[in-house]
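Undergrad:
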Amino acid sequence: MTKVRLFDSKDKADQTVGLNKIVKLQIDDLQFCLARTHKGYFAFEKSCPHMSDDLGKGRINPQLEVVCPWHDYKFDLESGEESQHRCKDLIRYTLLWEGDALYVSL
Ligand code: FES
Numbered sequence: 001m002t003k004v005r006l007f008d009s010k011d012k013a014d015q016t017v018g019l020n021k022i023v024k025l026q027i028d029d030l031q032f033c034l035a036r037t038h039k040g041y042f043a044f045e046k047s048c049p050h051m052s053d054d055l056g057k058g059r060i061n062p063q064l065e066v067v068c069p070w071h072d073y074k075f076d077l078e079s080g081e082e083s084q085h086r087c088k089d090l091i092r093y094t095l096l097w098e099g100d101a102l103y104v105s106l
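Going by this note's numbering, the sequence shown opens with residue 1, and the numbers climb by one from there.
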């Protein structure tokens, strides 16, 4: 597992990722999504577990789920579960704050 620094400060992270928005990031060959909600940041795989659409083009709903743009499957950002268990869980990546810096474990 690799720990990578994403942002040096919370201000920088907040400027990059708007509230309830998703941005796509890439580290080496791995593209993934980073979302910010009122409960904090969540990192998860870019490809939908259903049929691989780009979750970076999805949206965050009030239930803290990422909604896929293709078939509207909804994945809980905290558990990764699809709301109706129609496909496998979303892969999520651990985020951690060290001081003011945000890291992801990949
Ligand atoms: S590809 Fe995401 S819900 Fe079907």
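Where a beta carbon is used, it is the ideal one built from N, C-alpha and C, also for glycine.
What you are looking at is a predicted structure, and each value in this text was computed from that prediction instead of being measured.
If you measure from each residue's Cβ to the nearest non-hydrogen atom of the ligand FES, which ones come out under 5 Å, in chain order?
TA: The set of residues with any CB-heavy atom separation to the ligand FES below 5 Å comprises, in chain order, C48, H50, M51, D53, C68, W70, H71, Y73.
Undergrad: Please report the Cβ distance between E19 and L6, rounded to the nearest whole angstrom; I am assuming they are in contact, meaning their Cβ atoms lie under 8 Å.
TA: The sequence given here has Leu at residue 19, not Glu. Not confirmed; about 17 Å, so no contact.
Undergrad: Pick from N61, S47, H38: whose alpha carbon is nearest that of L90?
TA: S47
Undergrad: Do G56 and C68 count as a contact pair if the criterion is CB distance below 8 Å?
TA: No; because the gap between Cβ atoms is not below 8 Å, this pair is not in contact.
Undergrad: I'd like to know whether the C-beta atoms of L77 and L96 end up nearer to each other than 8 Å.
TA: no
Undergrad: Go to D76, then tell me how far its alpha helix (DSSP H) extends in each direction, as first and last residue.
TA: From DSSP, D76 is part of no alpha helix (DSSP H) but of the beta strand (DSSP E) over 74 to 76.
Undergrad: Taking the alpha helix (DSSP H) that K12 belongs to, which residues open and close that run?
TA: Unbroken alpha helix (DSSP H) run through K12: 10 to 16.
Undergrad: With a threshold of 7 Å on Cβ separation, who are the neighbours of I27 within its own chain once the five nearest residues in sequence on each side are excluded?
TA: V4, L106
Undergrad: Quick check on this structure: which residue in H50, P49, V23 has the alpha carbon closest to the alpha carbon of T37?
TA: V23
Undergrad: Give the C-beta separation of D14 and A101 to the nearest angstrom, bearing in mind that I take them to be a contact with Cβ-Cβ under 8 Å.
TA: The pair is not a contact, with the Cβ atoms about 13 Å apart (cut-off 8 Å).
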